[in-house]
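Novice:
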DNA sequence: GTCTATAAATAGATAGAC
DNA sequence: GTCTATCTATTTATAGAC
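Protein chains in written order, with the UniProt record's numbering: chain A, 1 to 222; chain B, 1 to 222.
Written out as structure tokens, the structure reads:
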């Protein structure tokens with residue numbers, strides 16, 4: 001692997017493990033057993049590394065949040081979304097831990113973020129509309145926009161919420177699955193009589209994962 | 001006012017206006033036209049200033065979140081809560097902008113925060129139960145705990161969500177009122193037929209405030 | 001491309017005079 | 001209690017040799 005790619009890869013790992021604010025460019029260099037000068041040959045500064053990681057993140061999001069096909073099984077639409085959320089939170093958790101700070105200090109990154117944010121908002125909106133069309137949920141049309149924002153906020157700051165409201169700040173897959181269950185609870189009161197049972201089954205599935213019981217399908221891929 | 005109190009007061013104002021991470025002890029001192037040495041005579045370090053502010057914040061929370069009296073008008077219970085949330089978000093917005101970072105670097109403060117967090121969770125729990133008892137909402141008993149956590153997360157990270165998802169990061173009263181409306185939307189699907197109209201009226205009230213229309217009761221007190 | 005050595009920039013904090 | 005002057009530590013970033 002090229003040095004440039006190794007720097008990006010190591011940065012993701014170190015940021016996720018120790019928190020972005022606790023990892024300096026020197027830490028990254030020494031972790032890779034290269035010199036700081038070498039690192040600065042490949043990247044002008046730390047923010048350029050983060051912007052590079054963010055591009056990877058944005059690509060990941062675009063791919064994993066597949067466009068909703070109306071023909072799909074409506075229940076599958078929902079689990080696809082939740083699995084994509086899980087994957088993003090897990091693999092890029094350092095971003096979610098520190099989002100306001102990271103964005104406030106780098107206007108260029110903030111602008112990248114706003115772009116992705118808007119695209120994701122559209123996807124969530126589509127998801128909600130699809131569930132409505134498939135008669136899985138029933139919701140006032142006026143509330144869909146606000147509801148989509150609530151979902152987005154709940155997902156985006158779940159990591160932050162866990163880190164602040166618990167003693168133990170280690171990120172685990174179980175912790176993330178608990179967050180997905182909160183998202184399911186947001187949908188719950190809108191679920192139609194017809195789909196109450198399928199949604200209950202999805203909830204049971206993620207509850208098992210949240211309690212550390214292994215799933216028949218194992219850990220999701222990247 | 002004593003110098004020590006002036007330092008705390010100025011710090012709150014500067015932190016709220018510019019963000020905690022952009023305000024150094026030297027900034028605080030020069031804002032008050034005192035020397036850094038003088039500031040350090042009164043506080044051992046910046047974290048001690050923040051802990052001092054946090055104590056003020058904790059007191060504010062304890063007072064403004066009055067214990068729920070079952071005898072009260074159930075609608076009043078809800079507006080009391082929302083007004084208390086507004087006041088906290090407005091007067092201590094710097095804390096909400098930066099919570100995970102501030103708590104992660106100071107274990108003593110984190111422990112103070114966990115204490116207040118748990119107390120607030122209890123209050124929210126009581127609020128939900130009171131609304132159930134008064135027949136304002138109907139909710140599965142199993143969901144109350146998770147629902148209370150969702151409310152808490154939504155409130156705590158509303159400022160962060162706004163700052164990351166908008167171009168303009170200025171905090172306004174209107175922005176905060178929009179957050180309260182999201183909390184009302186969380187309650188909405190659980191509201192009983194009987195209380196649909198009163199809740200609609202509360203929503204209209206906060207919608208007016210969120211749109212910058214002045215309310216008959218004016219800005220809430222500290 | 002990579003290294004060593006070091007400069008530059010902050011921010012946090014202290015010593016000692018008044 | 002307050003000031004001036006300064007020190008230390010940290011982190012980012014660059015120059016120049018190999």
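Beta carbons are placed, not taken as given, at the ideal position from N, Cα and C, and that holds for glycine.
Here the structure is a predicted model, which means the values were calculated and not measured.
(1) If you follow the alpha helix (DSSP H) that residue 198 of chain A is in, where does it begin and where does it stop?
(2) One question on the structure: do residue 202 of chain B and residue 78 of chain B come within less than 8 Å of each other, judged by their Cβ atoms?
(3) Would you please verify whether the beta carbon of residue 86 of chain B is less than 8 Å from any beta carbon of chain A?
(4) For residue 27 of chain A, decide whether its Cβ has a neighbour in chain B, counting only Cβ atoms nearer than 8 Å.
(5) Counting only Cβ-Cβ distances shorter than 7 Å, please list the residues of the segment 187-198 of chain B near chain A, keeping chain order.
(6) What is the rounded straight-line gap between the Cα of residue 122 of chain B and the Cα of residue 145 of chain B?
(7) Less than 8 Å between CB atoms is the rule here; does residue 160 of chain A satisfy it with respect to chain B?
(8) Does any residue of chain A bring its CB to less than 8 Å from the CB of residue 112 of chain B?
(9) Could you give the DSSP three-state label for residue 191 of chain A: helix, strand or coil?
(10) Could you tell me whether the Cβ of residue 148 of chain B comes closer than 8 Å to any Cβ of chain A?
(11) Use the C-beta contact count for residue 71 of chain A: other C-beta atoms within 10 angstroms, 16 or more gives buried, fewer gives exposed.
(12) Could you spell out where the alpha helix (DSSP H) holding residue 61 of chain A opens and where it closes?
(13) Tell me the start and end of each unbroken alpha helix (DSSP H) in the segment 2-42 of chain A that is at least 4 residues and wholly inside, in chain order.
(14) Go through the segment 62-124 of chain A residue by residue and report every complete run of the alpha helix (DSSP H) that reaches 4 residues or more, in order.
(15) State the DSSP-derived secondary structure class of residue 171 of chain B, mapped to helix, strand or coil.
(16) Using a Cβ cut-off of 9 Å, pull out every chain A residue sitting near residue 70 of chain B, in sequence order please.
(17) So is residue 24 of chain A buried or exposed if we call it buried at 16+ other beta carbons inside 10 Å?
(18) Please list the partners that residue 103 of chain A has in chain B, where partner means a Cβ-to-Cβ separation under 7 Å.
(19) For the alpha helix (DSSP H) holding residue 146 of chain A, just list the boundary residues, first then last.
(20) Spatial neighbours of residue 207 of chain B within its chain, please: C-beta separation below 7 Å, excluding the five flanking residues on both sides.
(21) Verify whether the separation of the beta carbon atoms of residue 171 of chain B and residue 93 of chain B is less than 8 Å.
(22) What do you get for residue 193 of chain B, buried or exposed, if any count of 16 or more other CB atoms within 10 angstroms of its CB means buried?
(23) Does the CB of residue 185 of chain A have a neighbour CB from chain B at under 8 Å?
(24) What does DSSP give as the partner residue(s) for residue 137 of chain A in the beta ladder?
(25) Specify whether the segment 127-146 of chain A and the segment 155-162 of chain A touch according to this definition: at least 3 beta carbon pairs, one from each stretch, less than 8 Å apart.
(26) When the Cα atoms are used, what is the spatial distance from residue 89 of chain A to residue 41 of chain B?
(27) Beta carbons nearer than 9 Å to chain A: which residues of the UniProt domain "HTH tetR-type" (1-61) of chain B have them?
(28) Interface residues of chain B around residue 167 of chain A at Cβ under 9 Å?
(29) Assign residue 101 of chain B to buried or exposed, taking buried as 16 or more other Cβ atoms, counted over all protein chains shown, within 10 Å of its Cβ.
(30) Here's a check: name, in chain order, each residue in its chain whose Cβ is nearer than 6 Å to the Cβ of residue 222 of chain B, leaving out the five neighbours to either side.
(31) At 9 Å on the CB atoms, spell out the chain B contacts of residue 117 of chain A, in chain order.
(32) Using CA coordinates, which residue listed in B:64, B:56, B:164 is at the minimum distance from residue 108 of chain A?
(33) Going by C-alpha distance, which of B:20, B:37, B:173, B:190 is nearest residue 4 of chain B?
(34) Give me the residue from B:166, B:48, B:49, B:69 with the minimum Cα distance to residue 133 of chain B.
Specialist: Taking the definition as stated:
(1) 196-210
(2) yes
(3) no
(4) no
(5) 189, 190
(6) 10 Å
(7) yes
(8) no
(9) strand
(10) no
(11) exposed
(12) 46-64
(13) 3-18, 25-31, 36-42
(14) 74-91, 93-97, 99-104
(15) coil
(16) Under the 9 Å cutoff, chain A gives no residues; its nearest Cβ is about 24 Å from residue 70 of chain B.
(17) exposed
(18) 164
(19) 144-156
(20) 181
(21) yes
(22) exposed
(23) yes
(24) A:191
(25) no
(26) 44 Å
(27) 19, 21, 22
(28) 110, 111, 114
(29) buried
(30) With a pLDDT of 49 at residue 222 of chain B, under the threshold of 50, the modelled position of this residue cannot be trusted, and the question is left open.
(31) 164, 165
(32) B:164
(33) B:37
(34) B:69
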